[in-house]
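Peer 1: Numbering (my numbering), first residue to last: 22 to 176.
#1: Please confirm if the segment 74–81 is in contact with the segment 39–48, defined as three or more CB-CB distances below 8 Å between the two stretches.
#2: Restricting to runs no shorter than 3 residues, where is the beta strand (DSSP E) found entirely within the segment 144–173?
#3: Per DSSP, which residues does residue 40 bridge with? Please list them.
#4: What separation, rounded to the nearest whole angstrom, lies between the Cα atoms of residue 169 and residue 86?
#5: Hey, would you say residue 42 sits closer than 7 Å to residue 63, going by beta carbons?
#6: Measuring alpha carbon to alpha carbon, tell me which residue in 111, 112, 109, 136 is nearest residue 118.
#7: Excluding the five sequence neighbours on either side, which residues of its own chain have a C-beta within less than 8 Å of the C-beta of residue 24, listed in chain order?
#8: Between 132, 145, 173, 59, which has its C-alpha nearest residue 114's C-alpha?
#9: Looking at the unbroken beta strand (DSSP E) that takes in residue 59, where does it start and where does it end?
#10: Any idea if residue 161 is buried or exposed, counting beta-carbon neighbours within 10 angstroms, 16 or more meaning buried?
#11: How long is the line joining the alpha carbons of residue 151 and residue 105, rounded to whole angstroms?
#12: Apart from the five residues just before and just after residue 158, which ones in its own chain have a Cβ nearer than 7 Å to its Cβ?
#13: Do residue 126 and residue 33 come within 7 Å of each other at the CB atom, strictly closer than that value?
#14: Going by C-alpha distance, which of 57, 112, 89 is nearest residue 99?
#15: Just curious, the alpha helix (DSSP H) that residue 126 is in, first and last residue?
#16: Cα separation between residue 93 and residue 116?
#17: For residue 133, does the count of other Cβ atoms within 10 angstroms reach 16, so buried, or fall short, so exposed?
Written out as structure tokens, the structure reads:
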């Protein structure tokens with residue numbers, strides 16, 4: 022079993038589909054803080070509530086210049102439908118094939134379940150993990166930890 026990556030670790034690079042025909046890579050976001058919100062699956066009640074909360078708090082994240090990216094093992098078509106249904110204004114990245122490869126690189130893949138943990142990472146402008154947290158899968162971790170981590174980033 023892998024362990025969630027911790028503060029001070031270089032964030033593993035990735036390039037994932039955020040739409041069926043567009044990819045987003047972590048290196049494209051370098052130079053500003055990045056929030057990675059790994060979650061088990063689109064359409065589950067806790068995941069839906071968590072992503073809706075982050076959508077509401079998005080202006081607060083943006084005050085720090087931070088980019089938010091949701092990541093799950095669902096495909097890009099599923100993400101597209103979920104984002105439209107929930108009116109989300111941030112990208113959802115599909116860690117679909119090879120399934121969970123990015124979640125594995127961050128130490129948050131649940132191999133027995135075929136999903137990622139409910140895990141959060143704040144990455145600084147230089148690509149280092151400034152904060153990480155793994156919540157129980159059935160618990161919405163909220164946004165307080167993210168906001169505290171953003172507040173503590175060097176200006």
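Cβ coordinates follow ideal geometry from the N, Cα and C atoms, glycine included.
Peer 2: The short version:
#1: The answer is no - the segment 39–48 does not touch the segment 74–81, with fewer than three Cβ pairs under 8 Å.
#2: List check, beta strand (DSSP E) in window: 150–156.
#3: Looking at the DSSP assignment, residue 40 forms a beta bridge with 43.
#4: CA-to-CA, the gap between residue 169 and residue 86 works out to about 14 Å.
#5: It is not a contact, given that the beta carbons lie outside the stated cut-off.
#6: Per the C-alpha coordinates, the member of 111, 112, 109, 136 positioned closest to residue 118 is 136.
#7: Taken in chain order, the residues that qualify are 128.
#8: Closest in C-alpha terms to residue 114, from the list 132, 145, 173, 59, comes 59.
#9: Note, residue 59: beta strand (DSSP E), 55–59.
#10: Of the other Cβ atoms in all chains shown, 16 or more fall within 10 Å of the Cβ of residue 161; this residue is therefore buried.
#11: When the Cα atoms are used, residue 151 and residue 105 turn out to be separated by approximately 31 Å.
#12: If we look at residue 158 and ignore the five residues flanking it on each side, its Cβ neighbours are 61, 138, 139.
#13: Contact: yes.
#14: Closest in C-alpha terms to residue 99, from the list 57, 112, 89, comes 112.
#15: Here the alpha helix (DSSP H) through residue 126 covers 122–126.
#16: Approximately 6 Å between the Cα atoms of the pair.
#17: Counting the other Cβ atoms within 10 Å of the Cβ of residue 133 gives fewer than 16, which makes it exposed.
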